[in-house]
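For reference, the structure is listed below as structure tokens.
Protein chains: 2
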Amino acid sequence: MSFQNRKQIILKILEERGEAEVKDFAQALDISEITIRRDLQQMATDGLLFRTHGGAMKLALAQMPFTFANKTAVNAKEKDKICQLAAQQIQEGDIILMDCGSTVFRMCQFIKNKRIKVITNSLPVVYELMNSQVSINLIGGEIDQERQAVHGRIAEEHIARYKVDKAFLGVDGISPENGLSAFGEDEASITLAMANASAKKYFLCDASKLGKDKYLTFAPITLVDVLITNANIEDIKVYQDKGIDVLI
Amino acid sequence: MSFQNRKQIILKILEERGEAEVKDFAQALDISEITIRRDLQQMATDGLLFRTHGGAMKLALAQMPFTFANKTAVNAKEKDKICQLAAQQIQEGDIILMDCGSTVFRMCQFIKNKRIKVITNSLPVVYELMNSQVSINLIGGEIDQERQAVHGRIAEEHIARYKVDKAFLGVDGISPENGLSAFGEDEASITLAMANASAKKYFLCDASKLGKDKYLTFAPITLVDVLITNANIEDIKVYQDKGIDVLI
DNA sequence: TAATTATTGATTATTTTTGAACAAATTAAT
DNA sequence: ATTAATTTGTTCAAAAATAATCAATAATTA
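Chains P and G supply the protein sequences, listed in that same order. All the letters of the first sequence, read from the start, carry residue numbers 1 to 248 under the numbering used here. All the letters of the second sequence, read from the start, carry residue numbers 249 to 496 under the numbering used here.
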């Protein structure tokens, strides 16, 4: 077993457990502790992990070239529940669209092992699904460095070329009266383009977005096929009355 | 059994198992270990596999998960010199194409602070130029997880929509007689598409690629406008005779 | 057919990797 | 603050792998 092989396994262990001791590595790899220490030292200087006394930690946040993980920290647990529900809607072989919102991003962890194709304009999503079962189609166009996503006319035209089963989208605001709203034009038109390219439109909205209107309203509430949220039952009645499926 | 045959089988073994030891290869091919080592060495310099102490690994496995900057890069210093030369060819305001080769990738460090637009299919380039002065246009299409780049027909169509000043490209082999060659079809056709979309074509080739023909020859040497290399003067004469600008 | 070249295998020297022993440093506990 | 326990760094030796050199074989060319 060469150093390169061990490197792989060490990273995998860290990926699963977050942190581990030298003993654990030595046992898992059936090799002496001193060798593990040397491995960890080199990998630490290579920036692949964080060395602690007695072991190592994964540097998920530092390793990620994107700062997306921070954003998603807000209401992470609630969002994860929503995403788990969303992921359950996906069958093997599906082709799905995913937009560049922070909620939709958290779906990645639940779909990594599905054999599906994901079409997306979000670089964090691409990064997260890299080296997974999922086959990825990246939407081309101008990169918005702030959003870490692809936007613009070219991107919309790219989307329009596809017809997919399901689109998983996020919005900044949603209300029964004024429909869907967003903070920016770019976001709105990409969301719209994705919705138009998909047979079934799923919208992932945590409770904080329900009943709110934001800067730009861009689509009627009828665009929504399925609303996936963590709001309480009274608040979602109005949406069900409009003929929208709601998953809680 | 010829070297070509062994090469095929070695690659097949790696494809199946991901990694293997010299012993395994020697046994499978019924040939001495020293010969296997020689094969592996050549294939490693050709970029077909990753050599480890005691064996070899599939390239995709060796490229650490998402450490896009390949730190084990061979000839890093030589490549950097070539890239510095290439970067000097770029003026403020230029729109340039960059392909997904490891040499071209190293240009990023030298162009970070230029006010230019880069069109690329390489995810490492995108990540490297993120949060820089450079504005990025990402080519859309299917993602090749091994190459960490976008390939395919959609990508080529995307490229064809643009007309740019300069393209900075890499190839796996280049020779005065047979022109440009690559290991794979996808790579070749993307390179060709980029060349066609650009007024001036720069090719970045370290000395190890000069005078070599690889698996697939896909374009005549006349496609090259400028060759940037670290080879010695005698070796580049033949290219200059063909009317190609050469920078050393 | 003979001469030349390229490929392969064997041998030896060099390098790399690994593990053990012990001193130094760090952490935890009193 | 001091001591005990653990962890780490350093040095050295053994083992494994590689590189280098040279002879033998196979392939090619004249």
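Glycine included, each C-beta is placed from N, C-alpha and C at the ideal position. No experiment lies behind these values; they were computed from the predicted model shown.
Exposed or buried, which one is residue i when buried takes at least 16 other CB atoms within 10 Å?
i: G491 (chain G); result: exposed
i: T470 (chain G); result: exposed
i: T191 (chain P); result: buried
i: K271 (chain G); result: exposed
i: R153 (chain P); result: exposed
i: Y239 (chain P); result: buried
i: N113 (chain P); result: exposed
i: E264 (chain G); result: exposed
i: E234 (chain P); result: exposed
i: R409 (chain G); result: exposed
i: G54 (chain P); result: exposed
i: I116 (chain P); result: buried
i: A304 (chain G); result: buried
i: K306 (chain G); result: buried
i: T496 (chain G); result: It is worth fixing the name first, because residue 496 (chain G) is Ile in this sequence and not Thr. With fewer than 16 other Cβ atoms within 10 Å, it is exposed.
i: A447 (chain G); result: exposed
Closer than 8 Å, CB to CB, is residue i near chain G or not?
i: L138 (chain P); result: yes
i: N178 (chain P); result: no
i: S2 (chain P); result: yes
i: V126 (chain P); result: yes
i: G141 (chain P); result: yes
i: Q27 (chain P); result: no
i: Q109 (chain P); result: no
i: V104 (chain P); result: no
i: Q273 (chain P); result: Lying outside 1 to 248, the shown extent of chain P, residue 273 (chain P) is not represented and no answer is given.
i: V150 (chain P); result: yes
i: N196 (chain P); result: no
i: N230 (chain P); result: no
i: N75 (chain P); result: no
Alpha carbon to alpha carbon, how far is residue i from residue j?
i: D392 (chain G); j: K255 (chain G); result: 23 Å
i: I279 (chain G); j: E390 (chain G); result: 40 Å
i: L288 (chain G); j: A276 (chain G); result: 14 Å
i: N426 (chain G); j: A76 (chain P); result: 57 Å
i: D245 (chain P); j: I82 (chain P); result: 14 Å
i: G18 (chain P); j: L11 (chain P); result: 10 Å
i: N5 (chain P); j: G432 (chain G); result: 27 Å
i: F273 (chain G); j: E33 (chain P); result: 30 Å
i: D489 (chain G); j: S102 (chain P); result: 56 Å
i: R147 (chain P); j: I257 (chain G); result: 45 Å
i: E435 (chain G); j: V226 (chain P); result: 41 Å
i: Q414 (chain G); j: A445 (chain G); result: One detail in the question is off: residue 414 (chain G) reads as Lys in this sequence, not Gln. Each residue's alpha carbon lies about 9 Å from the other.
i: L61 (chain P); j: Y375 (chain G); result: Reliability fails at L61 (chain P), whose pLDDT of 43 lies under 50, so the model's placement of it is uncertain and the value that follows must be treated cautiously. If I take the Cα positions, the gap works out to 15 Å.
i: A182 (chain P); j: K327 (chain G); result: 45 Å
i: L262 (chain G); j: E269 (chain G); result: 10 Å
i: L417 (chain G); j: I228 (chain P); result: 46 Å
i: A231 (chain P); j: Q88 (chain P); result: 19 Å
i: A321 (chain G); j: A195 (chain P); result: Caution is warranted here: a pLDDT of 48 is assigned to A321 (chain G), below 50, making its placement in the model unreliable, and the coordinate value is therefore given only provisionally. Between A321 (chain G) and A195 (chain P), the C-alpha separation is close to 43 Å.
i: M1 (chain P); j: P372 (chain G); result: 29 Å
i: H158 (chain P); j: S122 (chain P); result: 14 Å
i: N385 (chain G); j: F105 (chain P); result: 22 Å
i: D46 (chain P); j: K237 (chain P); result: 54 Å
i: G140 (chain P); j: I284 (chain G); result: 43 Å
i: V118 (chain P); j: A149 (chain P); result: 15 Å
i: D172 (chain P); j: K462 (chain G); result: 52 Å
i: M98 (chain P); j: F251 (chain G); result: 47 Å
i: A219 (chain P); j: A193 (chain P); result: 11 Å
i: T300 (chain G); j: A44 (chain P); result: 20 Å
i: S423 (chain G); j: V164 (chain P); result: 45 Å
Using the three-state DSSP reduction, which class does residue i fall into: helix, strand or coil?
i: L288 (chain G); result: helix
i: C348 (chain G); result: coil
i: Q305 (chain G); result: In the sequence as displayed, the identity of residue 305 (chain G) is Met instead of Gln. M305 (chain G): strand per DSSP, three-state reduction.
i: D454 (chain G); result: coil
i: V22 (chain P); result: helix
i: D213 (chain P); result: coil
i: I34 (chain P); result: helix
i: R254 (chain G); result: helix
With 8 Å set as the bound, which would you pick, yes or no: does the beta-carbon of residue i sit closer than that to a beta-carbon of chain P?
i: H406 (chain G); result: yes
i: M305 (chain G); result: yes
i: N300 (chain G); result: As written in the sequence, residue 300 (chain G) is Thr, which differs from the Asn given in the question. Closer than 8 Å to some Cβ of chain P, the Cβ of T300 (chain G) qualifies, so yes.
i: M378 (chain G); result: yes
i: E267 (chain G); result: yes
i: V270 (chain G); result: no
Practice task
Answer yes if the segment 114 to 133 of chain P comes into contact with the segment 204 to 216 of chain P, meaning at least three C-beta pairs across the two stretches below 8 Å, and no otherwise.
Solution key: No, the segment 204 to 216 of chain P does not touch the segment 114 to 133 of chain P.
Exercise for the section: Mind the definition here: the segment 326 to 346 of chain G touches the segment 445 to 456 of chain G only if three or more C-beta pairs lie below 8 Å; say whether that holds. Expected result: Contact holds: three or more Cβ-Cβ distances are below 8 Å.
Problem - Contact between the segment 333 to 343 of chain G and the segment 37 to 52 of chain P (3+ Cβ pairs under 8 Å) - result: No: the two stretches stay apart, fewer than three of their Cβ pairs being nearer than 8 Å.
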